[in-house]
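24 is the number of the first residue of the sequence shown in our numbering; add one for each residue after it. Built from N, CA and C at the ideal position, the CB exists for glycine as well.
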Amino acid sequence: MRYFIALFLIISLFASSIATVYAQQPQLATYHEIAQVLVDEKIQNKTTAFITLSTVSPFEMRVPTSLDQKIINTANVTSVAITNADPCVLGVHGQTCVIITIYSPSLIEAYNVTQTQTIAKAIGDTLINDINSGFSLNAKFWEVYVQPKGEFSKALGTSGVIVGNRTINVVYTTAQQKSSYLLDALSSVLLPKQIRDAGGFYDVATKMSQQPNSTVTFAITPTINGRLLFQLQVSNQFPIKGNVTAINPLELYGVDRLDRSSYFNGGFFPLNSIFELSVISNNELTITNHGGEIAPTTFNNGQKIQTDLSKSGWIFDTDS
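Written out as structure tokens, the structure is:
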């Protein structure tokens, strides 16, 4: 039997004027900072730590207008990603990849590999020059991969945000960049000074990018309402040795504390800074010490939610 437990920490209040924040109604900003730790004893026998910064606002992640309009107007493109994951595709080591993902079941089900690859490459070629220009890259065409069952997501270690089932991936490669350099290069283009100087999870991502074997990924994903979702992520994997009896998330990130960004100081945004810890295990799990307060919760439409968003605290969600 597989046991699963998830803990969510709402990091609500690190503002200077608590009394003022309490008087405000909860708001939801477009910019989100999320820290995630996945302890997987069952499948990969690895612990993966993520820091993800995301927004749908072109003012909070400044992708060149010519590129974002091309992505929106190009049919069947479901994501564009820049990553230094090694390997970024199966068999490709020591390279940084640009991955343009196309969802086209009809093209895949035509069972004409040559035609599929030719059409997909033509789509990718309409975007790659703008990507290279916008992010100072020199990515060249590598290969077209047809992924009828989402093997590409598994290879990258993602949950399918970048690529998924029945997709075509047009891959371009360029010289490998260390995570710290790649994050700095992407951040200088994407993030305005107000976010870069506001600390919070961005500082943790910067610290984490200096770790050996860390990975940086930037993904642009069209949404159903015609907008683009921008996600800048730093991650690292750590092998599990023996039974997991204690988890120190801050140690994985290489920091002593996790503070929310001062970018949110202008209002009450309790759900824009969240830490999530998930554990998948073959054994029954017991949480004996969580280092914080348990947040009061209630159920709304079958979902467990925190009743008092003005206080930081853990939310437990189990499924076995």
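Item, Value
"Same chain, Cβ closer than 6 Å to SER228, neighbours up to 5 away in sequence not counted", "Position check: residue 228 holds Ala in this sequence, whereas Ser was assumed. Within the same chain, ALA228 has close Cβ partners ILE74 and VAL257."
"Start-end ranges of the alpha helix (DSSP H) lying completely within the region 215 to 278, minimum 4 residues", "216 to 219, 224 to 231 and 272 to 276"
"Interface flag, ILE125 vs chain C, CB-CB below 9 Å", "Absence of chain C from the displayed structure is noted, only one protein chain being present."
"CA-to-CA distance, VAL193 to MET84, given in whole angstroms", "24 Å"
"C-beta contact flag for THR119 and GLN200 at 9 Å", "yes"
"Backbone secondary structure at TYR168 - three-state DSSP", "strand"
"Between the CA atoms of ALA72 and THR268 - distance to the nearest angstrom", "17 Å"
"Option in ASP109, LEU300 and SER296 with minimal Cα separation from LEU51", "SER296"
"Validate contact between the region 122 to 132 and the region 203 to 214 using beta carbons, cut 8 Å, 3 pairs", "no"
"Among TYR54, PRO49, ALA58 and GLN48, nearest to VAL278 - alpha-carbon criterion", "ALA58"
"Beta-carbon proximity of VAL103 to LEU150, cut-off 9 Å", "yes"
"Beta-carbon proximity list for SER80, same chain, < 6 Å, skipping 5 on both sides", "THR53"
"For GLN254 and LEU61, the rounded distance between their alpha carbons", "18 Å"
"When PRO262, GLY290, GLY265 and GLU299 are compared against PRO272, the one with the closest alpha-carbon", "GLU299"
"Within 9 Å, strictly: CB atoms of PHE158 and VAL212", "yes"
"Range covered by the beta strand (DSSP E) that runs through ALA208", "Unbroken run through ALA208 is the alpha helix (DSSP H), 202 to 213; no beta strand (DSSP E)."
"Per DSSP, cross-strand counterpart(s) of ASP109", "Partner(s): none; ASP109 has no beta bridge."
"Backbone CA spacing between LEU275 and PHE241 [nearest angstrom]", "21 Å"
"C-beta contact flag for PRO245 and THR101 at 9 Å", "yes"
"Through-space distance from LEU281 to SER35, alpha-carbon basis", "Confidence in SER35 is poor, its pLDDT being 46 and thus under 50, which makes the residue's placement unreliable; the coordinate value appears in the next sentence. So the alpha carbons of these two residues sit roughly 12 Å apart."
"Those runs of the beta strand (DSSP E) which lie wholly inside the region 54 to 83 and span at least 3 residues", "55 to 63 and 69 to 78"
"Terminal residues of the alpha helix (DSSP H) in which PHE158 lies", "136 to 158"
"For SER285, the three-state DSSP class (helix, strand or coil)", "helix"
"Per-residue DSSP class, three states only, for ASN99", "coil"
"CA nearest to the CA of ILE146, picked from THR97, GLU166 and SER156", "THR97"
"Nearest-angstrom Cα separation, counted from ILE142 out to PHE291", "48 Å"
"Neighbour-count burial assignment, VAL136, 16 or more Cβ in a 10 Å radius", "exposed"
"Presumed contact (8 Å Cβ cut-off) between ILE191 and LEU130, rounded CB distance", "7 Å"
"Three-way DSSP call (helix, strand, coil) for LEU300 in this model", "strand"
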